[in-house]
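S.K.:
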Amino acid sequence: MFEQFAVALRHTAGNPKTGEAARRVLSELDFSNACAEITAWDGYAETPLVSLAGLAERIGAGRIDYKHEGPRFGLGSFKALGGSYAALRVLQRELSRQLGQEVSLEDIRKGAHKAACAGITLVSATDGNHGRSLAWGCQRFGAPCRIYIHAEVSEGRAEAMRDLGAEVIRIAGDYDDSVLLAKKEAEENGWFVVSDTSWEGYTEPPRDVMAGYGVMTREVCEALEQAPTHVFLQGGVGGLAASVAAGLRQYYGAKAPRVVIVEPELAACLFDSARNGKATNFAIREETIMAGLSCGEPSGMAWEILAEEAADFLTIPDSIVAPAVRLLANAETGDPAVEAGESAVAGLAALIAACQSAEMKKTLGLDEGSRVLLIGSEGVTDPAIFAAIMAGKDHG
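Below is the structure:
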């Protein structure tokens, strides 16, 4: 189905799958609180879980379910669940501190503290989708927003954040450089960083971001009649993968699916972390077409979960991404057409590529009885890039 590909695989037995990290780093209360709040927001609706039965038959799998996050709150990606919820929680903590009493999320959501929120500036670095979610949340809750983007973030994604009221600052470096600048200027100006990655001494907003993603996982679990046998999860800093892995472990217990992490070979910080047995930075020398996964530094909190929960780590070349986008959009296997962004199809591309190798298929435990869950993390978040892919351009 794809032309020649080069997929690297790192299989790790990991630690015994006790689910300890999956409950310690992200508790069931963290998830339930986020679900209760987010499902109360105007515009909340479950996103589709699309059956790719035609593709499953083509590659020799029993079942493939694709969670399509394109419609999420009109923002185009699962990130809508994380950055905006974390923003609300940051505002809650700061307002409670200022007022000397507990402020409820509902009161902030309903505008009871809008004047005070106007004096609390929230900032973050982004490849696009997290910043868009933060900007949307700040617009809803009345807080100023500054977003730092790197040189390779498309102007279309930058403009989408400006349209939501954010001040967008573009830097000359890469994503990790934008993270450093956001932290530095926040410290200098008394602003609040709302990041989806953790570092020493900074854990609350990233935990809230991952808790917000739990809404998506809960929807999947409640829609499926049976636990998946496998879940292929995009890498990036690891927040999405860790949140979904933890949510599946908490919901299914010992029947939780085998977790396969997928990253661009150009930004493989989790793959290197698995190889080294500890969180490891990756020096990005070339930007991947999968813009949302172009991250060189893993989130420490996310890695704690993935070190226990992930069984396999895969890297994929950019060359197999555009064909996967077109396969979905053109309904090439007779399944419902899905318009997906380039980062959304990482798991799909890896699954197809792996099933073209009898050895890799065996190593991953994939067969005609496998039930595979894929997280389609974004829809068309940049129309120009999507149009180029559909016109036959296969690389970034």
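Going by the numbering used here, the final residue of the sequence shown carries number 469, and the count climbs one at a time with no gaps. Every residue, glycine too, gets a C-beta built ideally from N, C-alpha and C.
Exposed or buried, which one is Arg170 when buried takes at least 16 other CB atoms within 10 Å?
M.R.: Under this definition Arg170 is an exposed residue.
S.K.: Quick check on this structure: which residue in Tyr248, Ala259, Asn202 has the alpha carbon closest to the alpha carbon of Arg235?
M.R.: Arg235 has its Cα closest to that of Asn202, out of Tyr248, Ala259, Asn202.
S.K.: Whose CA, out of Ala318, Pro337, Ala417, Gly309, lies closest to the CA of Ala402?
M.R.: The residue with the shortest Cα to Cα distance from Ala402 is Ala417.
S.K.: Quick check on Leu164: buried or exposed, where buried means 16 or more other Cβ atoms within 10 Å of its Cβ?
M.R.: Its Cβ being crowded by 16 or more others within 10 Å, Leu164 is buried.
S.K.: Do you know whose CA, among Ala109, Ile193, Glu292, Ala224, lies nearest Leu178's CA?
M.R.: Per the Cα distances, Ala109.
S.K.: Runs of 4 residues minimum, wholly inside the segment 362-404: which ones carry the alpha helix (DSSP H) assignment?
M.R.: 373-382, 394-402, all fully within the segment 362-404.
S.K.: Given that a residue counts as buried once 16 or more other Cβ atoms are within 10 Å of its Cβ, and exposed if not, what is Gln299?
M.R.: Burial call: exposed.
S.K.: If we require 4 or more residues per run, which alpha helix (DSSP H) segments fall completely within the segment 156-182?
M.R.: DSSP runs (the alpha helix (DSSP H)) wholly in the segment 156-182: 156-172, 178-182.
S.K.: Rounded to whole angstroms, how far is the Cβ of Gln323 from the Cβ of Arg162, which I believe are closer than 8 Å?
M.R.: The Cβ separation is near 20 Å, so there is no contact.
S.K.: Could you tell me which of Phe459, Ala404, Pro217 sits nearest to Arg131, measuring between CA atoms?
M.R.: Taking only the C-alpha atoms, the option nearest Arg131 is Ala404.
S.K.: Taking DSSP's pairing of strands, which residues face Ala198 in a bridge?
M.R.: Note: Ala198 sits in a beta bridge opposite Tyr221.
S.K.: With 16 as the cutoff for other CB atoms within 10 Å, does Arg136 come out buried or exposed?
M.R.: Classification of Arg136: buried, given that the 10 Å Cβ count is 16 or more.
S.K.: If you draw a straight line from the C-alpha of Phe386 to the C-alpha of Ile334, how long is it?
M.R.: Answer to the nearest angstrom: the Cα atoms are 5 Å apart.
S.K.: Write down the C-beta distance between His141 and Val411 rounded to the nearest angstrom, noting that I regard them as a contact closer than 8 Å.
M.R.: Indeed, because the Cβ distance is near 5 Å, the residues count as touching under 8 Å.
S.K.: Assign Lys152 to one of three DSSP states: helix, strand, or coil.
M.R.: Of the three classes helix, strand and coil, the one that applies to Lys152 here is helix, per DSSP.
S.K.: Exposed or buried, what is Ser105 when buried is set at 16 or more other beta-carbons lying within 10 Å of its beta-carbon?
M.R.: Exposed, since its Cβ has fewer than 16 Cβ neighbours within 10 Å.
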